[in-house]
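Written below as C-alpha cells is the structure these notes are about.
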Amino acid sequence: MPDDLILETRDVAKEFLGFVAVAGVSLKVKRGSIHGLIGPNGAGKTTMFNLLTRFLPVTRGTILHRGEDVTRLRPAQVARRGVVRSFQISAVFPSLTTLENVRIALQRPLGTSFRFWSPASSLSVLDDRARALLGDVDLQDLADVPAGELPYGRKRALELATTLALEPEVLLLDEPTAGMGHEDVGRVAELIRRVARGRTVLMVEHNLSVVADLCDTITVLARGSVLAEGTYATVSADPAVREAYMGSAA
Amino acid sequence: MTVPSPRRWSGQAIFMGWATLVAVGLAAPFVVYPVFLMNVLCMALFASAFNLLLGYTGLLSFGHAAFLGSAGYVAGHAAKAWGVDPLLAILAGTAVATVLGFVIGSLAIRRSGIYFAMITLGFAQMVYFLAVQLPFTGGEDGLQGIPRGRLLGLVRLENSFAMYYLVFAIFLVGFAVIHRTIHSPFGHVLRSIKDNEPRALSLGYDVDRYKLLAFVISAGLAGLAGATKALAMQFETLTDVHWHKSGEVVLMTLLGGMGTVLGPSVGAIIVVTMENYLTGFGDWVTVIIGCVFVVGVLAFRRGFVGEALNLARRFRS
Chain A
25 MPDDLILETR
35 DVAKEFLGFV
45 AVAGVSLKVK
55 RGSIHGLIGP
65 NGAGKTTMFN
75 LLTRFLPVTR
85 GTILHRGEDV
95 TRLRPAQVAR
105 RGVVRSFQIS
115 AVFPSLTTLE
125 NVRIALQRPL
135 GTSFRFWSPA
145 SSLSVLDDRA
155 RALLGDVDLQ
165 DLADVPAGEL
175 PYGRKRALEL
185 ATTLALEPEV
195 LLLDEPTAGM
205 GHEDVGRVAE
215 LIRRVARGRT
225 VLMVEHNLSV
235 VADLCDTITV
245 LARGSVLAEG
255 TYATVSADPA
265 VREAYMGSAA
Chain B
116 MTVPSPRRWS
126 GQAIFMGWAT
136 LVAVGLAAPF
146 VVYPVFLMNV
156 LCMALFASAF
166 NLLLGYTGLL
176 SFGHAAFLGS
186 AGYVAGHAAK
196 AWGVDPLLAI
206 LAGTAVATVL
216 GFVIGSLAIR
226 RSGIYFAMIT
236 LGFAQMVYFL
246 AVQLPFTGGE
256 DGLQGIPRGR
266 LLGLVRLENS
276 FAMYYLVFAI
286 FLVGFAVIHR
296 TIHSPFGHVL
306 RSIKDNEPRA
316 LSLGYDVDRY
326 KLLAFVISAG
336 LAGLAGATKA
346 LAMQFETLTD
356 VHWHKSGEVV
366 LMTLLGGMGT
376 VLGPSVGAII
386 VVTMENYLTG
396 FGDWVTVIIG
406 CVFVVGVLAF
416 RRGFVGEALN
426 LARRFRS
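Protein chains in written order, with our numbering: chain A, 25 to 274; chain B, 116 to 432.
This is the structure we're talking about:
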C-alpha cells in the first residue's frame, strides 16, 4: 500500500569526503504515525533529517514524499510541500517579537513577501491567527517580547508554534526536548502528542522515556545503518540495540 | 494585549522624526557650505543603502564602491558628452548600477560570510580596472567639469542652492525607499534571514531570491547616491570606485550604528566632516579617522545611534 506511506527513503546514503555518515537507509514513515529515530551519537540521525529536507544532497538513493520523487528538490520546495523540520538548537528569529516569528511563517502564503513597497501594517491581517497559534503553546502573553529574550523552553515552544503555522503534513523534530529541564520535557511531550493529531511526526530524540511514551514505530540507527525497527518493546528487547547503546550484550 | 511594544516607535514619533529631518535639511545650506552638505547627503544615502544589506540582511559587501562609482561615471558622461537633462543622467547612472548589482549579486549570494565579501571585492576591483582603462572615464584624471545643466530644462542647477535642494530631495526619496523596505513584508523576511537563515529556509523561503532583491535595491540606491554626487561635485574620479571607498562605507555604517535607520547617515556626517576639516593634517587624516573608528567601535559597540537608542529604550522601560 504505497499511499499509506507519507515519507519513504530507498537505500539513501551520504558520504562526506569518504566518511560514510549514512550507509543506505530505507525508511518507511506511515501517514499519521509518530515515528522515532534513535541511536547513539554519530549514528546519522541528524544527517538523515538534513537529507530528507534537502539541506544536504544525497550521495545516492531516492527520497519519496506521497510516492513522488523529491530527491532533487530545493529545500524551500520541500518545505512548501508540507515537510517541515525543526532544529537541534532552538531555531527562532531572536530580533523579531514572538508574534512576528509566527507571522513570518504565516506570511509566505499571503504572496506579498517580495513587496518592499508595502507597509508592514499590511501583515496585521495575520495577527489573529498568529495569536491563536501562540495561545496553543501558552505564549499569548509574551506576543510582543523579542524571541531572543525568551527562556530556552519557551523558545522551543515558539519554534513549534512557528512550524505549526505552516500547517505541515509531516513534522520533522530534531531532539525537541534536548537541553530541557524535567518540567519542560513533560510539557513539550504533551504538546507533541497534541499537534501530532492529524499529522505525521518523525522525531529524533535521546530521551527514551519520551520515545517510549510517544512513538508508534521506532527505527534504531547505528553507524549509518538501520539496526532495528518496530515498537518500543520490540527494539528495546533487541540484543543488537542493547549492545549499540551499552557497548555490551547485557 | 494592548501594551505597546517598547521596541516600536509610535506613528507620531516617526512623523516628528521625519519633520525634524526635513526642517534641518531645508535650513542647513543657510548655515553650512552647500557643496559640503551635498557631499554629506550623497555619502549618507550611500551608507544607508549599504546598511540595507549589512544591517538588515546580514550581508557584508566589500565592493559597494563599484555601484557608487560606475553610476557616477555614467551620469557624468551622460551629462557632459550627451548633454542630457540632469535627472535623466542621474537615472541612467542609477539604472547601470542596478543592472550591475543584479549581475554581481546573482553570483555573490551563492556564497556567504567572508567568501561573499571577497567575491564582491573581486568584482569591484574589475570595475576599478575598467574605470582606469575605458576611454570615456578619463583614466587617472577622471571626469572633470561635469555640467549640472538645467533641471527639466527650467531650473539652473549651477546655482548651488538649487542643486542642494535637488540633492536633498533625492536623498529623501532614497531614504524613504530604504525606510519602507525595512518596514515591509519583504523587510520582515530579510530580518528573519539575517537572524537565522536555515530556519527561514525551512519555512519555505528561497532565501537567495530575497538576498538578491535586497542586493539589487542596495546597489541601485548606492548608484543613485553616486550619480547625484557626480553632478553635485561636477567631477568623478577613481576615488569613487577605489576599494578605500568600499571600506569607508563599512566604517561609516559601523560608527553610526548598523541596523539602525539613522546610524549610517550619522556615520557619514562624522566621516565626511573629519575628512573635510582635517585636510590640513595631510596623510595623517587616515590615521586620525582610524583612531576615531577604533575608539568609537570599542566604546560604542552598537554605533552612536545604536547606543543612543539602547539608552532611550532603557530609560523608557
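The beta carbon of each residue, even a glycine, is placed where N, CA and C say it ideally should be.
Are any of the Cβ atoms in chain A nearer than 8 Å to that of V118 of chain B?
Unreliable placement is indicated for V118 of chain B, whose pLDDT of 39 sits below 50; the coordinate value is still reported in the next sentence. At least one chain A Cβ lies under 8 Å of V118 of chain B.
Within 8 Å of any Cβ in chain A, is that where the Cβ of G220 of chain B sits?
With 8 Å as the cut-off, G220 of chain B does not count as an interface residue toward chain A.
Close-in-space but distant-in-sequence residues of the same chain around A190 of chain B (CB under 7 Å, 5 per side omitted):
Around A190 of chain B: A204, I205, A207, G208, A342, A345 and L346.
By the criterion of Cβ-Cβ separation under 9 Å, what are the contact partners of V304 of chain B in chain A?
Under a criterion of Cβ atoms nearer than 9 Å, the residues of chain A adjacent to V304 of chain B are, in order, I128, Q131, R132, S137 and F138.
Taking 8 Å as the threshold (beta carbon to beta carbon), is I332 of chain B in contact with chain A?
Chain A contact via Cβ: present.
Closer than 8 Å, CB to CB, is L147 of chain A near chain D or not?
The structure shown contains no chain D; its protein chains are A and B.
Contact with chain A by G378 of chain B, beta-carbon distance below 8 Å:
Using a Cβ-Cβ cut-off of 8 Å, G378 of chain B does not count as an interface residue toward chain A, since no Cβ of chain A sits closer than that to its own.
8 Å Cβ cut-off: residues of chain B touching F111 of chain A
Neighbours of F111 of chain A in chain B, taken as residues at a C-beta separation under 8 Å, are given in chain order as P313, R314 and S317.
Proximal chain A residues relative to R417 of chain B, where beta-carbon distance stays under 7 Å:
Near R417 of chain B there are no residues of chain A at all, since even the closest Cβ is about 13 Å away, more than 7 Å.
Residues in its own chain within less than 6 Å of L316 of chain B by CB, not counting five upstream and five downstream?
These residues qualify, in order along the chain: V322.
Decide if the stretch 265 to 272 of chain B is in contact with the stretch 190 to 202 of chain B; the criterion is three or more beta carbon pairs, one per stretch, under 8 Å apart.
The way I'd put it, the stretch 265 to 272 of chain B does touch the stretch 190 to 202 of chain B; three or more beta-carbon pairs between them come closer than 8 Å.
For L183 of chain B, go through chain A and note every residue whose CB falls closer than 8 Å to its CB, in chain order.
For L183 of chain B, there are no neighbours in chain A by C-beta distance under 8 Å, as the nearest C-beta there is about 21 Å away.
Coil, strand or helix - T235 of chain B by DSSP:
Correct three-state label for T235 of chain B: helix.
Residues that DSSP places opposite D198 of chain A in a beta bridge
In the DSSP assignment, the residues bridged to D198 of chain A are A:V228.
CB contact check: T213 of chain B to chain A, cutoff 8 Å
With 8 Å as the cut-off, T213 of chain B does not count as an interface residue toward chain A.
On a CA-only basis, which of B:G220, B:H192 and B:D398 is nearest G237 of chain B? Give me that one, please.
Ranking B:G220, B:H192 and B:D398 by Cα distance to G237 of chain B puts B:G220 first.
Taking Cβ-Cβ distances shorter than 7 Å, what residues in chain B pair up with R104 of chain A?
Neighbours of R104 of chain A on chain B, chain order: G319.
Which one of B:V331, B:A223, B:V282 and B:L327 has the shortest CA to CA distance from A159 of chain B?
The candidate whose alpha carbon is nearest that of A159 of chain B is B:V282.
For the stretch 295 to 304 of chain B and the stretch 80 to 96 of chain A, state whether three or more C-beta atom pairs, one from each stretch, are separated by less than 8 Å.
The answer is no - the stretch 80 to 96 of chain A does not touch the stretch 295 to 304 of chain B, with fewer than three Cβ pairs under 8 Å.
DSSP state of L174 of chain A, grouped into three classes?
Shown here, L174 of chain A sits in coil according to DSSP, grouped into three states, outside any helix or strand.
From the DSSP output, in three-state form, read off A268 of chain A for me.
Secondary structure of A268 of chain A (DSSP, three-state): helix.
Closer than 9 Å at the beta carbon, the chain B residues around T255 of chain A:
Within chain B, no residue comes near T255 of chain A; the closest Cβ sits about 30 Å away, beyond 9 Å.
Look at the alpha carbon of N154 of chain B and the alpha carbon of L183 of chain B, and state the distance between them as a whole number of angstroms.
Computed Cα separation, rounded: 13 Å.
Could one say the Cβ of A246 of chain A lies closer than 8 Å to chain B's Cβ atoms, at least one of them?
Using a CB distance cut-off of 8 Å, A246 of chain A does not count as an interface residue toward chain B.
Neighbourhood of V228 of chain A by C-beta, 6 Å cutoff - its chain only, sequence neighbours within 5 removed:
For V228 of chain A, the CB contacts under 6 Å within the same chain, skipping 5 residues up- and downstream, are L61, K69, D198 and E199 in chain order.
I'd like to know whether the C-beta atoms of K38 of chain A and T71 of chain A end up nearer to each other than 8 Å.
It is a contact, given that the beta carbons lie within the stated cut-off.
List the residues that DSSP assigns as beta-bridge partners of F43 of chain A.
The partner list for F43 of chain A (beta bridge, DSSP) reads A:F40.
When the Cα atoms are used, what is the spatial distance from Y392 of chain B to L120 of chain A?
When the Cα atoms are used, Y392 of chain B and L120 of chain A turn out to be separated by approximately 41 Å.
Output the residue ranges of the alpha helix (DSSP H) runs that lie fully inside the stretch 304 to 344 of chain B and measure 4 residues or longer, sorted by chain position.
Counting whole runs of 4 or more residues, the stretch 304 to 344 of chain B contains the alpha helix (DSSP H) stretches 312 to 317.
Since V211 of chain B contacts A181 of chain B with CB under 8 Å, what's their CB separation in whole angstroms?
A Cβ-Cβ distance of about 11 Å is found for the pair V211 of chain B and A181 of chain B, leaving them out of contact under the 8 Å criterion.
Residues that P99 of chain A contacts on chain B, provided the C-beta gap is smaller than 8 Å:
Going along chain B in sequence order, the residues near P99 of chain A (Cβ under 8 Å) are L316 and S317.
Below 8 Å, how does it come out for the stretch 123 to 135 of chain A and the stretch 176 to 186 of chain A: are there three or more Cβ pairs, yes or no?
Result yes; three or more Cβ-Cβ pairs closer than 8 Å.
Give the DSSP bridge partners of L61 of chain A, in chain order.
Paired residue(s): A:V228 and A:T243.
L88 of chain A: first and last residue of the uninterrupted beta strand (DSSP E) it sits in:
R84 to H89 is the extent of the beta strand (DSSP E) around L88 of chain A.
On the CB-based measure, 16 or more other CB atoms within 10 Å of its CB, does Y148 of chain B come out buried or exposed?
Burial is judged here by how many other beta carbons sit within 10 angstroms of a residue's own beta carbon; Y148 of chain B has fewer than 16 and is exposed.
Please report whether the beta-carbon of S119 of chain A lies at a distance below 8 Å from any beta-carbon of chain B.
It does; some Cβ of chain B falls within 8 Å.
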